[in-house]
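Q: Following this message is one structure expressed as structure tokens.
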Amino acid sequence: DSEAEVFKQYNATKRAEWHFNLETATDTISDFYQIKTIEQLELSDNETIAVGALLSYVQNTNRENKPDLALPKKANKHHFVVLDAVSRRNLELTCNSFGERSHSLLGVLDKCATAMGSRLLSRWVAQPSLDNALLGSRYDAIDDLHTTDTTAMKPALKGIADIERITARIGLGTVRPKDLASLRDSLLLLPNLAELLTPMTAPLLQSSSEYLSQFDWLTEQLIAAIFPEPALHTREGGVINNAYDAELDELRSLSKNANDFLLDYEKKEKQRTGNANLKVGYNRVHGYYIEISKASGTDIPPEYTRRQTLKNAERYITEELKVFEDKVLSASDKAIAREKYLYEQLVAELQKHTQALRELATAIATIDVLVNLAIRATTLNYTRPTLHDKVGIEIKSGRHPVVEAYSTTPFIANDVYLNGEQRLAIITGPNMGGKSTYMRQTALICLMARAGSFVPADSADIGQIDRIFTRIGASDDLSGGKSTFMVEMTETATILNYASKNSLVLMDEVGRGTSTYDGLSIAMASAKYLALHSQALTLFATHYFEMTALANDYPPIINLHLDAVESGNEVVFLHHVKQGAASKSYGLHVQRRRRHLTRTQ
5 DSEAEVFKQY NATKRAEWHF NLETATDTIS DFYQIKTIEQ LELSDNETIA
55 VGALLSYVQN TNRENKPDLA LPKKANKHHF VVLDAVSRRN LELTCNSFGE
105 RSHSLLGVLD KCATAMGSRL LSRWVAQPSL DNALLGSRYD AIDDLHTTDT
155 TAMKPALKGI ADIERITARI GLGTVRPKDL ASLRDSLLLL PNLAELLTPM
205 TAPLLQSSSE YLSQFDWLTE QLIAAIFPEP ALHTREGGVI NNAYDAELDE
255 LRSLSKNAND FLLDYEKKEK QRTGNANLKV GYNRVHGYYI EISKASGTDI
305 PPEYTRRQTL KNAERYITEE LKVFEDKVLS ASDKAIAREK YLYEQLVAEL
355 QKHTQALREL ATAIATIDVL VNLAIRATTL NYTRPTLHDK VGIEIKSGRH
405 PVVEAYSTTP FIANDVYLNG EQRLAIITGP NMGGKSTYMR QTALICLMAR
455 AGSFVPADSA DIGQIDRIFT RIGASDDLSG GKSTFMVEMT ETATILNYAS
505 KNSLVLMDEV GRGTSTYDGL SIAMASAKYL ALHSQALTLF ATHYFEMTAL
555 ANDYPPIINL HLDAVESGNE VVFLHHVKQG AASKSYGLHV QRRRRHLTRT
605 Q
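For the sequence shown, our numbering assigns the number 5 to the initial residue and increments by one for each residue that follows.
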């Protein structure tokens, strides 16, 4: 049952066991890439099996056209911040809890002009980098773009098609005429974009813009080869441009001049037969014909052969008209066949340059993301973060990027200080007071900095963070047979087993899924383990006030709280994080407010 659930949940396709044989996988890789040995790829046995099985599946689904794929390259997990599925979901990176993109981190950050840019930004967010030099180059580019007017760059990027996907179709041999027209039109926009980037001095912008001027030859070839508005398919004709191929032009000329011939022929036959009502025409079923009305009373010339009888007319063919028909119809078929051949030759030529086109697509996507991040930083008042290799996070006046973007009231900014000496903060305060928002914004600011974006803070000093763990909220996993408490304990166990001194951990209300005594014991033990053994940088929100005593006994643990004030029968949440433990609970007030909100909804 569990296997069936996995296949159902992830829309997986089951493959035969032999696909996962090491020897078979090795042969598959060698054959696919036409290499004698796969040692150069430096793959482990398990990696070899995975790549081989994947290539086998790709070949099975693309039997007619072998895809043009780059050699597999190992991604070093030590180069990226590790985020598990739970943390991605809790931090709402790509969509919120309702599955909506608009109220997610990407919903706020991604205003890219191209599809390629949006995908690249999504990858940067999904794989935050630990390479400070790489991130510094992204920051430099954003800084550089701040010094110029980026408003002209958006339109320059906006018209660029999805070159990445078009290149993939070229490699597969499935590229459509409209795709090549889009590629041509996109290449025509590159000189303008390159000119706009000329004043830029940031190395990442300069290296990316260098690709923009390397495809003049391809632009000229596509202008010459493809009609401005080509047909959808080569089988319809109207794809290859005039003057591109002499043989095609000659065949088209025969078809194009057919109308002139028919007008002349009709005029000649009218004069020859003396029948002013004689008509020469064409239909798909019977071809070319001479139509004579039955009411005309004209004698039918002996060289006229009856082709079709109508109610009020007869249609005929002559030897001269038949010869012309064969010639024209043959020319039309030959022209379409010639177009198909020329198109296939063009695609085959482009397939030699797919790697260069992929690099161009990456360069354009990089420029798009950097321009987008520069504009978002200006619009949303983000600042450049500082990165270092030490353990610690220091954020001054940090803000939650998503909450702030969609809030109608000013966001209350807060500071974060975690380092080697004070590693774990116990956060107390009323429900709905902002504890979860404070924790999430800390993780999001760190993640944004590690993605190469400026951040919503007055300043942010971010150390090396190898993983981000979150234990925020819980619900039943009915399909997996897990209760709320079991889900909570499973997530907590994962954090305790894998968190290190370079990890950032968010723990929210651990222990609430069981009895008060057991819950407090679990929360206490988890906090002490994280602070003293894992030594992870931890924000630990709790409703167990007893936990605040840990700060008295363990120096790495500190207390933070969020306050509220009473105004008559109402509680006003201040959302401001302060040192020390909360002095009062507002649980009853919060419950009253929730009931009121429920009734008004």
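Each residue gets a CB set at the ideal place from its N, CA and C atoms; glycine is no exception.
So is H290 buried or exposed if we call it buried at 16+ other beta carbons inside 10 Å?
A: Exposed, because fewer than 16 other Cβ atoms sit within 10 Å of the Cβ of H290.
Q: Identify whether A339 lies in helix, strand or coil by the three-state DSSP scheme.
A: Correct three-state label for A339: helix.
Q: The beta strand (DSSP E) spanning G291 covers which residue range?
A: Start and end: G291 to S297.
Q: Is the beta carbon of G456 less than 9 angstroms from the beta carbon of S133?
A: Result yes, Cβ atoms of G456 and S133 sit closer than 9 angstroms.
Q: Name the residue from T118, L236 and L391 whose alpha carbon lies nearest to the alpha carbon of D135.
A: It is L391 whose Cα lies nearest to the Cα of D135.
Q: Look up M511 in the DSSP assignment and give the residues it is bridged to.
A: According to DSSP, which records beta bridges pairwise, M511 is partnered with R475 and F544.
Q: Taking A461 and S411 to be in contact with their CB atoms under 8 angstroms, please state how far apart those CB atoms are, rounded to whole angstroms.
A: Not really, about 16 angstroms apart at Cβ, beyond 8 angstroms.
Q: Going along the chain, which residues of its own chain have a beta-carbon closer than 7 angstroms to the beta-carbon of T496, five neighbours each way excluded?
A: R475, V514 and S530, listed in sequence order.
Q: Measuring CA to CA, which of R67, R403, I562 and S108 is closest to N423?
A: Answer by Cα proximity: I562.
Q: The beta strand (DSSP E) spanning Q355 covers which residue range?
A: No beta strand (DSSP E) holds Q355; DSSP gives it neither H nor E.
Q: Going by DSSP, what residue range makes up the alpha helix (DSSP H) through I227?
A: Element bounds for I227: D220 to A229.
Q: May I ask which residues mark the beginning and end of the alpha helix (DSSP H) holding G396?
A: That residue, G396, is in no alpha helix (DSSP H); its beta strand (DSSP E) goes G396 to G402.
Q: Which residues share a DSSP beta bridge with R319?
A: Its beta-bridge partners are E295 and Q312.
Q: Is it buried or exposed for L482, if we count other Cβ within 10 angstroms and need 16 for buried?
A: Below a pLDDT of 50, predicted positions are generally treated as unreliable, and L482, at 35, falls in that range; no measurement from the model is reported.
Q: What are the boundary residues of the alpha helix (DSSP H) that includes K283?
A: Careful: K283 lies outside any alpha helix (DSSP H), inside the beta strand (DSSP E) at K283 to N287.
Q: For A535 versus L554, is the C-beta spacing smaller than 9 angstroms?
A: Yes, Cβ-Cβ distance for A535 and L554 is below 9 angstroms.
Q: Below 9 angstroms between beta carbons: does that hold for V491 and I499?
A: Not a contact, by the Cβ cut-off of 9 angstroms.
Q: Using the three-state DSSP reduction, which class does T432 fall into: helix, strand or coil?
A: Here T432 sits in strand by DSSP.
Q: Who pairs with H565 in a beta bridge, going by DSSP?
A: According to DSSP, H565 bridges with T432 and K582.
Q: In this structure, does DSSP put I170 in helix, strand or coil?
A: Reduced to three states, the DSSP call for I170 is helix.
Q: Keeping to the same chain, check which residues put their C-beta closer than 7 angstroms to that of L252; ignore five residues upstream and five downstream.
A: So the list reads I244, A339, R342, E343 and L346, once near-sequence residues are dropped.
Q: Roughly how many angstroms lie between the CA atoms of I304 and Q312, to the nearest whole one?
A: Computed Cα separation, rounded: 14 angstroms.
Q: Where do the N-terminal and C-terminal ends of the alpha helix (DSSP H) with A464 fall, by residue?
A: A464 -> not in any alpha helix (DSSP H); beta strand (DSSP E) instead, spanning S463 to I466.
Q: Mind reading off the beta-carbon distance from R388 to D147? Whole number of angstroms is fine, and I expect it under 8 angstroms.
A: About 7 angstroms; that satisfies the 8 angstroms criterion.
Q: Would you report the Cα separation of K298 and V284, rounded to the nearest angstrom?
A: Each residue's Cα considered, the two are about 15 angstroms apart.
Q: Taking the alpha carbon of S141 as the point to measure from, which residue in N556, E550, D189 and A453 has its own alpha carbon closest?
A: Out of N556, E550, D189 and A453, A453 has the C-alpha closest to the C-alpha of S141.
Q: With C-beta atoms as the reference, is K70 less than 9 angstroms away from T118?
A: Not a contact, by the Cβ cut-off of 9 angstroms.
Q: Are L541 and G396 close, meaning C-beta to C-beta below 9 angstroms?
A: In this structure, G396 lies closer than 9 angstroms to L541 by Cβ.
Q: Touching or not, the segment 49–69 and the segment 20–35, by the rule of three or more beta carbon pairs under 8 angstroms?
A: Yes, they touch.
Q: If we count Cβ pairs, one from each stretch, closer than 8 angstroms, do we get three or more for the segment 306–325 versus the segment 222–237?
A: The segment 306–325, when compared against the segment 222–237, does not touch it at the 8 angstroms Cβ threshold.
Q: Using alpha carbons as the reference points, say which of L374, F473 and F549 lies closest to Y521.
A: Cα-wise, what sits closest to Y521 is F549.
Q: I think I164 touches L193, with their Cβ atoms under 8 angstroms apart; what is that distance to the nearest whole Å?
A: Rounded, the Cβ-Cβ distance is 6 angstroms, consistent with contact.
Q: On the CB-based measure, 16 or more other CB atoms within 10 Å of its CB, does I371 come out buried or exposed?
A: It counts as buried.
Q: Please go through the same chain and pick out, in chain order, the residues whose beta-carbon is closer than 6 angstroms to the beta-carbon of A16, but skip the five residues on each side of it.
A: Nothing meets the Cβ criterion.
Q: Measuring only the C-alpha atoms, how far is G484 from Q44?
A: Reliability of the predicted coordinates at G484 is poor, the pLDDT of 44 falling under 50, and no value is obtained from them.
Q: When the Cα of R239 is compared with those of V375, L184, D337 and D330, which residue comes out closest?
A: Comparing Cα positions, the closest option is D337.
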